[in-house]
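*Asks:*
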Amino acid sequence: MAFTAFSSQAAVEQAPRKRSFIALVLLLPGIAYLLLFFLAPLISLVITSFQAPDLYGDIGDYVTAFRWENYTDAIGEYWPLILRAFGFAVVATVLALVISYPIAYFIGVKARRWPLLQSLMLTLVIAPFFISFLLRTLAWKQIMSDEGPIVQFLKSVAILPSDGHLTGTTFSVIFGLTYNFIPFMTLPLYATLERLDVRYLEAGADLYASPWTTFRKVTIPLSMPGIVSGTLLTFIPAAGDYINASRDFLGSTSTAMVGNAIEANFLVLQNYPAAAALSIVLMAVILVIVGLYVRRAGTEDLI
Amino acid sequence: MAASTASFAESGADLELVGITKRFPGFTAIESLDLSIPAGSFFALLGPSGCGKTTTLRLVAGLEEPTAGQILIGGKDVTDTKPFQRPVNTVFQSYALFPHMTILENVAFGLRRRKLPDPVGKAHEALKLVELDHLASRRPAQLSGGQQQRVALARAIVNRPALLLLDEPLGALDLKLRRQMQLELKTIQTEVGLTFLHVTHDQEEAMTMADTVAVMNKGKIEQMGAPEQLYELPRTAFVANFLGQSNLFTGPVVSSTADAITVDVAGVPIVVPRTRAQRHAGEVAIGVRPEKLTLFTEAPAPAAGRNILGPGRVTDVSFSGVSTQYLIEVPGIGELVVFAQNMVFGPVATVGTEAWVSWNADHGFGLDDDPVDIPRSVLSPVGPGDSTESIAIQRRIALEEELEQA
Ligand SMILES: Nc1ncnc2c1ncn2[C@@H]1O[C@H](COP(=O)(O)OP(=O)(O)O)[C@@H](O)[C@H]1O
Ligand SMILES: [Mg+2]
Chain A
103 MAFTAFSSQA
113 AVEQAPRKRS
123 FIALVLLLPG
133 IAYLLLFFLA
143 PLISLVITSF
153 QAPDLYGDIG
163 DYVTAFRWEN
173 YTDAIGEYWP
183 LILRAFGFAV
193 VATVLALVIS
203 YPIAYFIGVK
213 ARRWPLLQSL
223 MLTLVIAPFF
233 ISFLLRTLAW
243 KQIMSDEGPI
253 VQFLKSVAIL
263 PSDGHLTGTT
273 FSVIFGLTYN
283 FIPFMTLPLY
293 ATLERLDVRY
303 LEAGADLYAS
313 PWTTFRKVTI
323 PLSMPGIVSG
333 TLLTFIPAAG
343 DYINASRDFL
353 GSTSTAMVGN
363 AIEANFLVLQ
373 NYPAAAALSI
383 VLMAVILVIV
393 GLYVRRAGTE
403 DLI
Chain B
2 MAASTASFAE
12 SGADLELVGI
22 TKRFPGFTAI
32 ESLDLSIPAG
42 SFFALLGPSG
52 CGKTTTLRLV
62 AGLEEPTAGQ
72 ILIGGKDVTD
82 TKPFQRPVNT
92 VFQSYALFPH
102 MTILENVAFG
112 LRRRKLPDPV
122 GKAHEALKLV
132 ELDHLASRRP
142 AQLSGGQQQR
152 VALARAIVNR
162 PALLLLDEPL
172 GALDLKLRRQ
182 MQLELKTIQT
192 EVGLTFLHVT
202 HDQEEAMTMA
212 DTVAVMNKGK
222 IEQMGAPEQL
232 YELPRTAFVA
242 NFLGQSNLFT
252 GPVVSSTADA
262 ITVDVAGVPI
272 VVPRTRAQRH
282 AGEVAIGVRP
292 EKLTLFTEAP
302 APAAGRNILG
312 PGRVTDVSFS
322 GVSTQYLIEV
332 PGIGELVVFA
342 QNMVFGPVAT
352 VGTEAWVSWN
362 ADHGFGLDDD
372 PVDIPRSVLS
382 PVGPGDSTES
392 IAIQRRIALE
402 EELEQA
């Protein structure tokens with residue numbers, strides 16, 4: 103399964119197996135939880151996604167059927183939003199990685215000598231979590247609003263045309279995604295880099311590798327577990343996000359992502375089968391992308 | 002990258018450290034160190050743990066910046082160059098093999114960085130040299146400590162650096178493999194003519210392998226020279242006891258001639274050749290090696306050119322096959338150690354026996370230390386059998402013979 107990437111790369115030898123009653127008992131709550139809160143809703147979602155409108159009922163009444171057209175209809179109507187969701191998520195993930203890596207490297211490697219600074223900076227990284235996700239996103243909407251200082255400034259130096267906006271643009275949505283998910287990138291990166299043995303870097307330097315080459319050939323491969331978990335933890339929620347791209351926050355109709363379509367179908371249009379079908383599509387695409395990614399990152403060395 | 006590093010070194014380069022000082026916050030690891038290692042030599046830096054050996058190597062490799070002083074390799078000042086620009090490779094004490102690469106890629110790493118032709122072939126050759134070619138496709142984590150150490154050796158040697166730094170490179174090997182690797186290293190060094198700077202706390206290893214040994218203590222070089230010379234004529238109490246064992250005495254110089262000085266040791270006149278004594282007047286410390294002493298159970302007749310101490314009592318006898326170690330307590334002087342070759346069957350003396358010791362005056366040595374600076378514990382060298390140390394010289398001779406045959 104995909105998440106083997108989170109465990110250490112070396113194939114650890116299996117301990118001799120013993121049938122343990124206690125282990126089974128300990129696993130029971132977890133298994134029950136998965137059955138109740140993951141498998142059951144999933145099955146319900148799959149069933150919903152094939153439902154057909156109740157010919158004799160109200161709007162929003164559906165009967166169990168095998169209406170696979172729900173999928174083709176949903177994809178046919180929303181494929182630009184699906185593509186946009188993954189496009190935005192990829193860009194936001196890459197940006198988060200590029201911004202987080204130096205921060206994580208500084209906290210995890212350079213600041214080792216000053217544990218106090220390390221803790222302080224880590225606190226700063228997670229500090230945004232202390233304030234509601236919605237509030238923070240709304241705050242950004244305010245900051246980037248047409249009357250806000252940023253737009254005013256950009257207009258005064260003619261980077262932004264006089265009728266230009268920041269909110270509701272691709273820029274603001276990707277900005278919001280990056281901003282909101284950056285801690286999910288920084289923390290796993292930090293966790294890996296914090297354990298990075300700098301003696302490997304010295305060995306690289308000793309073997310004629312310039313700092314840049316050492317970074318490419320030694321540091322990056324050794325921090326791969328952090329990169330993989332960080333990108334997954336950023337990419338997956340970003341692809342399904344519907345807050346940042348929502349018209350009420352940083353987006354507009356022209357920046358809607360698949361999450362917004364699902365939200366609209368569930369809550370506004372009451373087209374539950376379409377929403378369910380879109381959810382399944384989103385999940386399937388994420389699974390395929392993540393599976394391919396982890397396989398490549400896990401088996402090859404990405405050198 | 003400098004063109005000079007883009008090929009194998011034709012031969013070793015000489016290394017010169019000029020007035021190197023290294024201070025860490027609140028701690029001076031190395032104090033104005035001067036060191037000159039001629040090209041093509043096998044130089045051992047010997048000292049106890051924590052004396053600054055690793056720091057010295059790191060300074061030469063460029064992994065640490067000196068607080069003061071200069072480092073010259075092959076006559077060129079490299080003090081301000083980065084590690085990757087120096088024609089130097091290190092076998093790290095911790096191996097530092099890249100865990101994400103195969104053994105082969107580890108060994109080929111340096112060759113690839115310098116864009117040398119056929120890195121894979123050369124890496125295989127180096128691995129054959131350390132007898133690990135069959136493990137080329139494994140990862141470091143799948144190797145034992147000793148195997149990793151040999152890979153670390155191969156990874157450094159494959160680059161044929163003008164100067165190879167070895168930080169306790171044989172520490173994790175068992176005795177047999179260690180001897181084999183000692184021979185191997187020596188062979189590589191002589192064949193290729195590289196300069197080796199070998200750091201160790203194992204005096205036997207230093208003595209058997211190196212052309213020149215520098216004994217380091219607390220960030221300073223106490224004495225430097227050929228192993229035999231260091232052993233036969235230690236200049237300080239530290240060297241006298243770090244390299245094998247010594248019996249040390251103190252006392253004032255009471256008379257001196259053109260050839261010798263006479264020291265009054267608790268009332269007994271002890272003669273030391275003038276050329277073998279560092280100080281010729283005042284309070285001095287002198288010594289003699291335990292195997293140079295002869296044990297008597299009856300008072301020996303005084304003879305010209307021999308020093309005699311006694312009577313004392315044998316307090317301990319320990320038999321170690323080739324030789325027997327006796328501890329003899331001489332009133333007013335302290336405990337003496339005697340190594341006696343087992344020429345006869347059974348010990349010559351038993352515990353409690355009255356005993357005298359004598360030695361050829363030519364075998365004594367006079368130290369440079371001020372006697373008050375020598376710790377008491379060193380002056381009466383007790384402690385159970387480190388007798389193996391004194392046969393290091395013999396081992397070295399044996400090793401040299403082995404090398405000639407190889
Ligand atoms: N980075 C450092 N900061 C502070 N002290 C250090 C550092 N590196 C080494 N030392 C100190 O310098 C001394 C010499 O260390 P080292 O060169 O590793 O000794 P050796 O290799 O001879 O055992 C030790 O006392 C050690 O604690
Ligand atoms: Mg060391």
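Top to bottom, those sequences are chains A and B. With our numbering as the guide, the letters of the first sequence map in order to residues 103 to 405. With our numbering as the guide, the letters of the second sequence map in order to residues 2 to 407. Every residue gets a Cβ at the ideal spot worked out from N, C-alpha and C, and that includes glycine.
#1: Is the CB of A/Arg398 under 8 Å away from at least one CB in chain B?
#2: Taking buried to mean at least 16 other C-beta atoms within 10 Å of its own C-beta, is B/Lys293 buried or exposed?
#3: Measure how close the beta-carbons of A/Ala198 and A/Thr272 come, nearest whole angstrom, since I'm counting them as under 8 Å.
#4: Ignore the nearest five residues each way along the sequence and tell me which others in B/Leu60's own chain have a CB closer than 7 Å to its CB.
#5: Who are the near neighbours of A/Val192 in its chain, counting only those whose CB is closer than 8 Å to its CB and skipping five residues on each side?
#6: Does any residue of chain B have a CB that is nearer than 8 Å to the CB of A/Leu309?
#7: Note the first and the last residue of the continuous beta strand (DSSP E) segment covering B/Ala30.
#8: For B/His199, name the three-state secondary structure that DSSP assigns.
#9: What's the C-alpha gap between A/Ile261 and B/Gly27?
#10: Looking at the C-beta of A/Leu219, does it have a partner C-beta in chain B at a distance below 8 Å?
#11: I need the DSSP call for B/Met225, collapsed to helix, strand or coil.
#12: Just to make sure I have the definition right: I need the residues of chain A whose C-beta is within less than 9 Å of the C-beta of B/His83. Which are they?
#13: Evaluate A/Gln153 with the Cβ neighbour count: other Cβ atoms within 10 Å of its Cβ, from every protein chain shown; 16 or more gives buried, anything less gives exposed.
#14: Taking 7 Å as the line, does the beta carbon of B/Thr55 fall inside it for any heavy atom of ligand 1?
#15: By the 7 Å beta-carbon criterion, what residues does the stretch 286-305 of chain A contribute toward chain B?
#16: Ends of the alpha helix (DSSP H) at A/Val420?
#17: Helix, strand or coil, according to DSSP, for A/Trp216 in the structure here?
#18: Taking only beta-carbon atoms, is A/Pro452 less than 8 Å away from chain B?
#19: Which residues in the same chain have their Cβ closer than 6 Å to the Cβ of A/Phe368, if we skip the five residues on either side of it in sequence?
#20: Please list, in chain order, the residues of the stretch 181-198 of chain A that have any C-beta partner in chain B closer than 7 Å.
#21: Check whether the stretch 372-389 of chain A touches the stretch 196-210 of chain A, taking contact to mean three or more Cβ pairs, one atom from each stretch, closer than 8 Å.
#22: Any C-beta of chain A within less than 9 Å: which residues of the stretch 58-84 of chain B qualify?
#23: Run through chain A and tell me which residues come within less than 7 Å of B/Ser95, C-beta to C-beta.
#24: Locate the alpha helix (DSSP H) running through B/Asn107, then write down its first and last residues.
#25: Looking at B/Thr298 and B/Glu355, is the spacing between their C-beta atoms short of 8 Å?
#26: What is the DSSP secondary structure of B/Thr389, reduced to helix, strand or coil?
#27: When the cut-off is 8 Å and only beta carbons count, does B/Phe25 lie next to chain A?
#28: What did DSSP end up calling B/Asp168 once you bin it into helix, strand or coil?
#29: Within 10 Å of its beta-carbon, does B/Leu16 have 16 or more other beta-carbons around it, so buried, or fewer, so exposed?
#30: Using the C-alpha atoms, what's the distance from A/Arg214 back to A/Pro290?
#31: Starting from B/Glu284, follow its DSSP beta bridges and name the residues at the other end.
#32: Taking 8 Å as the CB-CB cut-off, is A/Val320 touching chain B?
#33: Run the CB neighbour count on B/Glu284, radius 10 Å, all protein chains shown included, and call it buried at 16 or more, exposed below.
#34: Tell me which residues share the same chain as B/Arg1 and place their Cβ nearer than 8 Å to its Cβ, disregarding the 5 neighbours each side in the sequence.
#35: Compare the Cα-Cα distances from A/Met246 to each of A/His267, A/Arg238 and A/Gly178 and report the closest residue.
#36: Would you mind working out which of B/Asp374, B/Lys116, B/Glu132 and B/Leu167 sits nearest B/Phe43, comparing C-alpha positions?
*Replies:* Reading from the atomic positions:
#1: Mapped onto the first sequence, residue 398 of chain A falls at position 296. With its beta carbon at least 8 Å from every one in chain B, A/Arg398 lies outside the interface.
#2: Counting from 1 along the second sequence, the entry for residue 293 of chain B is found at position 292. Answer is buried; the Cβ neighbour count reaches 16.
#3: Here residue 198 of chain A is taken as the residue at index 96 of the first sequence, counted from 1. Here residue 272 of chain A is taken as the residue at index 170 of the first sequence, counted from 1. Not quite, the Cβ-Cβ distance comes to about 16 Å (not below 8 Å), so this is no contact.
#4: Counted from its first residue, the second sequence places residue 60 of chain B at position 59. Answer for B/Leu60: Ile21, Lys23, Pro67 and Ile72, listed in chain order.
#5: Residue 192 of chain A sits at position 90 when you count from the first residue of the first sequence. Taking C-beta separations shorter than 8 Å and ignoring five residues to either side along the sequence, the partners of A/Val192 in its chain run Phe337, following chain order.
#6: Residue 309 of chain A sits at position 207 when you count from the first residue of the first sequence. Yes, its Cβ sits closer than 8 Å to a Cβ of chain B.
#7: Position 29 of the second sequence holds residue 30 of chain B. In the DSSP annotation of this structure, the continuous segment of the beta strand (DSSP E) that includes B/Ala30 starts and ends at Phe28 to Ile38.
#8: Taking the first residue of the second sequence as position 1, residue 199 of chain B is located at position 198. Correct three-state label for B/His199: strand.
#9: As a position in the first sequence, residue 261 of chain A is number 159, starting the count at 1. As a position in the second sequence, residue 27 of chain B is number 26, starting the count at 1. Looking at the two C-alpha atoms, the distance is approximately 54 Å.
#10: Within the first sequence, the letter at position 117 stands for residue 219 of chain A. Answer no: the Cβ-Cβ gap between A/Leu219 and chain B never drops below 8 Å.
#11: Here residue 225 of chain B corresponds to residue number 224 of the second sequence, with the count starting at 1. For B/Met225, the secondary structure class from DSSP, reduced to helix, strand or coil, is strand.
#12: Your numbering for residue 83 of chain B matches position 82 in the second sequence. In the sequence as presented, His is not what sits at residue 83 of chain B; that position holds Lys. Here the neighbours are Ala307, Ser312 and Pro313.
#13: Sequence index remark: in the first sequence, residue 153 of chain A carries index 51 (1-based). So A/Gln153 counts as buried.
#14: As a first step, residue 55 of chain B is located in the second sequence; it is residue number 54 there, counting from the start. B/Thr55: yes, Cβ under 7 Å from ligand 1.
#15: Residues Arg301, Tyr302, Glu304 and Ala305.
#16: Residue coverage of chain A in this structure runs from 103 to 405, which leaves residue 420 of chain A outside it and unanswerable.
#17: Counting from one through the first sequence, the residue named residue 216 of chain A turns up at place 114. Here A/Trp216 sits in coil by DSSP.
#18: Because chain A here runs from 103 to 405, residue 452 of chain A falls outside it and cannot be looked at.
#19: Against the first sequence, residue 368 of chain A aligns to sequence position 266. Cβ neighbours of A/Phe368 beyond the five flanking positions: Ala377.
#20: From the stretch 181-198 of chain A, no residue has a Cβ closer than 7 Å to chain B.
#21: At 8 Å Cβ cutoff, the stretches do not touch.
#22: Hits within the stretch, in order: Arg59, Ala62, Gly63, Leu64, Lys83 and Pro84.
#23: Position 94 of the second sequence, counting from 1, holds the residue named residue 95 of chain B. Ordered by position in chain A, the residues that pass the 7 Å Cβ test against B/Ser95 are Arg301.
#24: The count along the second sequence starts at 1 and reaches residue 107 of chain B at position 106. Ile104 to Arg114 is the extent of the alpha helix (DSSP H) around B/Asn107.
#25: In the second sequence, counting from the first residue as 1, residue 355 of chain B sits at position 354. In the second sequence, counting from the first residue as 1, residue 298 of chain B sits at position 297. Yes; because the gap between Cβ atoms is below 8 Å, this pair is in contact.
#26: As a first step, residue 389 of chain B must be located in the second sequence, where it is residue number 388. Below a pLDDT of 50, predicted positions are generally treated as unreliable, and B/Thr389, at 42, falls in that range; the measurement from the model is reported next regardless. It is helical.
#27: Within the second sequence, residue 25 of chain B is the residue found at index 24, counting from 1. Chain A contact via Cβ: absent.
#28: Against the second sequence, residue 168 of chain B aligns to sequence position 167. Strand.
#29: Numbered from 1 along the second sequence, position 15 holds the residue referred to as residue 16 of chain B. By the neighbour-count criterion, in which 16 or more other beta carbons inside 10 Å mark a residue as buried, B/Leu16 falls on the buried side.
#30: One-based indexing of the first sequence puts residue 290 of chain A at position 188. One-based indexing of the first sequence puts residue 214 of chain A at position 112. In this structure, the straight-line span from the alpha carbon of A/Pro290 to that of A/Arg214 is close to 17 Å.
#31: Your numbering for residue 284 of chain B matches position 283 in the second sequence. B/Glu284 is bridged to B/Pro253.
#32: Taking the first sequence and counting its residues from 1, one reaches residue 320 of chain A at position 218. Taking 8 Å as the CB threshold, A/Val320 lines the interface with chain B.
#33: On the second sequence, residue 284 of chain B is found 283 positions in, with the first residue counted as 1. B/Glu284 should be labelled exposed.
#34: The structure shown does not extend to residue 1 of chain B, since chain B is modelled only from 2 to 407, so the question has no answer here.
#35: As a working note, residue 246 of chain A is residue 144 in the first sequence. Nearest of A/His267, A/Arg238 and A/Gly178 to A/Met246, Cα basis: A/His267.
#36: Taking the first residue of the second sequence as position 1, residue 43 of chain B is located at position 42. Of the listed residues, the one whose Cα sits closest to B/Phe43 is B/Leu167.
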